[in-house]
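Report on one structure; see the data block that follows.
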Amino acid sequence: MDRAALRLILLGVFLLSASSQPVKKKQDVDIYSFYINSTVTSRYATTVITSRVANTVNESQEIQFEVKIPKNAFISKFRMTIEGKIYDGVVKEKQEAQQQYSRAVSRGESAGLIKSVGRTLEDFKTSVTVAAFSKVTFELTYEELLKRRLGKYELLINAQPMQPVADFKIDVHIQEKPGFSFLEVKGDLSTGDLANAIKTTRADKDAWVTFYPTQDQQTKCESCGESGLKGDLLITYDVERSSHKGEVMVSNGYFVHYFAPSDVSRIPKNVVFIIDRSGSMNGRKMHQTRLALLKILSDLDGDDHFGLITFDSEVKTWKNELLKATKENLETAKSFVKEIRDRGATDINAAVLAGVDMIHRHPREETASILILLTDGDPTSGETNKERIMANVREAIGPKFPLYCLGFGYDVNFDFLTKMSLENGGVARRIYEDSDADLQLQGFYDEVAVPLLTDVQLKYTGGTNLTKTSFSLYFNGSEIVVSGQITDNSVESFTSEVIAVSKGNNVTYQETVMVKDTSDVPPENEDFMPRLWAYLTVKQILERQVLLKGQEKEDEKKAALKLSLKYQFVTPLTSMVVTKPQGDEVEVADKPKEGGEEPRPPVPGYSHFSPSQPGQPGLHGQHVLHGLQALPGRPGASSQRYQTSGRRGMPMLLGRPAPPLAHPGIHDYSDLLISGYGQMLTIPRKSDEADADAVLPTMLSIPRVRSNRFLLPSAGQSKPLCFDVPVPQKLRLLQDSASEFSMNGQFMTRRQGFSKIAFHYKTKHRLTINTSSISYQDGQSHVEFLWDQEPTQHNTEGVSIILRSNEMDVTMGHIRVVILLHKKNGGVFLWPAVRQQPKDVSLMGILGKPEASYEEVQGSQTPTLKIMDQEVKASMEDVTDYTLPSTPVIRCWLVPFQAVMQGEISDFTVTRL
């Protein structure tokens, strides 16, 4: 056996043992100082995270910096200081940064820095090679405007330094001109013994919160352990509102107006709830929706009027008109809600138009009307063209009342809901699939439950470059914020005027402030107002982009880009480039998109490794590949290191030399792939199939058991089950003998996902889908589609086929399946997602179980679940959910195939598709 092949086998053994055996962590990196300093000036928060780290061993090694920041924030500064040298991140226009990124990738030296984590946070991550016994200081700054919801502002600070820190401090200073009506500190880091480390001090217009836990305290909280603090500090507060005219502040030629009156009576509302009951809402989604509606109905006021509409392919109304929220009507409505069941397809167009018509047919003076749509999917019935749906709704509503769209889960087309909401004066909100989804729904309703003003218009004499000044509704507990520039700095006063409607009567608020009086703003914070104006302007322009077209869209985009560059904000239009002075190593940070997005694509044909000399500091990106991160270093050099992804439950190897990689058939070292617990090692092709296969004879000693991981929702549990199916296989995915329906799939060879999926229905319908095309036959006609063609639809006796971007929506009889085309890590594969299936019918196949039930067995030394009266060992793992376009990573209980499927894998295989 030649030496190269031997090295490859040794590498496989090393990687497999690294990801399957617990590793005792060596304390060779000392985070000796970790500061978080947050300053809030009139709701505008600037937070600086500073981490000082020492390499305590006699060799250079990679040191990682990872923090979580609020999604609503813009990063405005990143700096590293190594041995007295400063490396600053520079914000550039995205295209320019992309070019720099591509040049770096061609040398194998970069990666993105930021990704979304959960509902409210984004993860910022980078690393740097630090010489023996040397130190590095990381400093990250982000900015955000705190938004008032339900009568309070929230400042969220996440702390997770990865080890107890001798010098750990969180300092928060809040300055509010009107003073504070209340201030509270909550969150994971305020519980147990950690509560003693928090100190709160309040003065007239200032408040200070400090959090200085000892190293011992950092290991003993509910969410802490040997790796130190892990959790949030949540500071909530509100300000005094002695003046109903609002609070106007002027500084450096800019102004900001906070308007939140409470001296007006609530306006009775007309609210219509439009609820999706299609098949994809089955199970927990429908249950949680019913719970939320029951609670919301109980919260309606006696002078409110309401209507209920449910829809699938048909639209059903509780009553044909709006009814007053009397006790009798509410009880009848609750009975209706309890009987809502999932079924059918999704006709969003007809449902929303029915809601609009219900309000139009029953106009009431001195009231506020609201439409609330809840859906979890795309339109699949009736009118399915989204542009025509939006045009129909826009024409029907006019400017008369807002439409609020709630998107349940990640399978929904959130861009479509966002645009439709904004076109009609509302907003879109994502409802996350979790155990508290019903509370999320109630929370949104609470925000719009008490309208106080309608048709709110704000005017500013001498103001220019204003942010949004027109609002259809103002709700109790919220706040309207307007900022702008003052055209003439020589004027002595500045006047604001608010005109609105309260229960049919016009109301006016007017306020005049002295421009020369700058005592409102401390000198050290006087630049906050231009930054606040820029932040709010960019946010609102980006929100409006979905509504604009042509030159107007380009002009606004250029304006937002100009401000982003001026104030060094990392926004969807910009990227932060971090480069060493000699310019040979680059990282790029992008603002993630809501709902997730594909990672920045690699440049084809190049390695993802970064050359680095031992003992020399260098910034490197980390390319994450299914649980393995290839850390920088010359292939074959002693500085080469590997690190697992760092997810919970997976070992972390830092600073440990790895065997050199050298094999004539392996071209892209970073595409080595390891599954969640080290079951597979894959060497993908760089050139052609024959070239790759030529390598295989020298690799026979490497374990090649590979698998695809499937998720199975669990009734009444927050964590689903998951199980592995080895490849290659031809599988029976779903079969219903009664309706003569079957769906079979063939796994990719040596890759993730399916290469081909075939449907059979009745005796003549056959649909075959591969990664490039779709073929449908019904006995007489034959139709061909291509994945990259325009969206299209084909319907025939009991069969509906809808082709959209990267997904094929198939309905045959009472079964609906969406086939998603995923493009990941240079590969293309299919994945099926069952969206609807008959109730009370047992289906066969890997996907035949709609959900499973289990109980956690308490008191066992290793995690154990009870499934169908049988106790099985389980492990908590991360899994990518390919049934959703956004491919989120979620936690699941990994259990043996036999335990959950009650059979052997051979029972689910077929000889032909």
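Read left to right, the sequence shown gives residues -20 to -1, 1 to 893 (mature numbering (1 follows the signal peptide of the UniProt record, and there is no 0)). Idealized CB from N, CA, C, for every residue including glycine. Every value quoted in this text rests on a predicted model; they were computed, and no experiment measured them.
Secondary structure of residue i, DSSP reduced to three states
i, result
"Ala569", "strand"
"Gly233", "coil"
"Glu787", "strand"
"Pro431", "strand"
"Phe394", "helix"
"Glu835", "strand"
"Pro510", "helix"
"Gly405", "coil"
"Phe381", "coil"
"Leu174", "helix"
"residue 922", "There is no way to answer for residue 922, as the model of the chain reaches only from -20 to 893."
"Thr199", "helix"
"Gly259", "helix"
"Ser694", "strand"
"Asp758", "coil"
"Tyr515", "helix"
Among the options, nearest to residue i - alpha-carbon criterion
i, options, result
"Tyr862", "Leu801, Gly839, Arg892, Ile885", "Leu801"
"Tyr440", "Glu720, Thr467, Pro693, Ser107", "Thr467"
"Arg524", "Ala540, Trp513, Glu308", "Ala540"
"Gln80", "Met556, Ile254, Ile137", "Met556"
"Arg32", "Thr26, Ile43, Tyr24", "Ile43"
"Gln143", "Leu209, Glu123, Tyr192, Phe888", "Leu209"
"Leu845", "Leu701, Ser349, Asp10, Ser245", "Leu701"
"Val487", "Val558, Phe388, Thr181, Pro241", "Pro241"
"Val550", "Leu120, Arg23, Leu446, Val37", "Leu120"
"Gln155", "Gly167, Val70, Tyr834, Val20", "Val20"
"Ile137", "Asn17, Tyr425, Lys538", "Asn17"
Neighbour-count burial assignment, residue i, 16 or more Cβ in a 10 Å radius
i, result
"Val165", "buried"
"Gln850", "exposed"
"Pro343", "exposed"
"Met509", "buried"
"Tyr547", "buried"
"Leu333", "buried"
"Met792", "buried"
"Trp188", "exposed"
"Gln732", "buried"
"Asp704", "buried"
"Gly378", "exposed"
"Phe888", "buried"
"Pro876", "exposed"
"Tyr390", "buried"
"Lys744", "exposed"
Cβ-based neighbour list, residue i, same chain, cut-off 6 Å, excluding 5 preceding and 5 following
i, result
"Gly405", "Pro382, Ser452"
"Glu220", "Pro158, Gly159, Ser161"
"Leu351", "Val252, Gly335, Leu383"
"Lys366", "Phe396"
"Gly585", "In this predicted model, Gly585 has a pLDDT of only 33, less than 50, meaning its place in the structure is not dependable enough to derive any value."
"Val481", "Thr434, Asp435"
"Ala139", "Leu209"
"Thr36", "Asp8, Asp10"
"Asp358", "Asn393"
"Ser833", "Ala695"
"Leu827", "Leu713, Leu714, Val814"
Anticipated Cβ contact below 8 Å, residue i with residue j, distance rounded
i, j, result
"Gly259", "Arg323", "6 Å"
"Leu438", "Val462", "5 Å"
"Met723", "Val797", "6 Å"
"Tyr133", "Asp218", "7 Å"
Residues near residue i by beta carbon distance below 8 Å, same chain, minus five either side
i, result
"Val317", "Arg270, Leu273, Leu274, Leu277, Leu288"
"Gln878", "Glu884"
"Met856", "Arg628, Gly629, Lys699, Pro843, Arg871, Cys872, Trp873, Leu874"
"Asp292", "Asp256, Arg257, Ser258, Gly259, Asp322, Arg323, Gly324, Ala325, Thr326, Asp327, Ser361"
"Thr61", "Tyr67, Val116, Thr117, Glu119"
Contact test: residue i Cβ vs the ligand HEM heavy atom, cutoff 6 Å
i, result
"Ala348", "Within the structure as shown, the ligand HEM is missing, as the structure has no ligands at all."
Close Cβ partners of residue i (< 7 Å) along its chain, the five nearest in sequence each way excluded
i, result
"Met824", "Arg712, Gln715"
"Ala313", "Leu277, Leu288, Trp298"
"Ala34", "Asp10, Tyr12, Lys115"
Below-7 Å beta-carbon distance, residue i vs any chain D residue
i, result
"Thr269", "Absence of chain D from the displayed structure is noted, only one protein chain being present."
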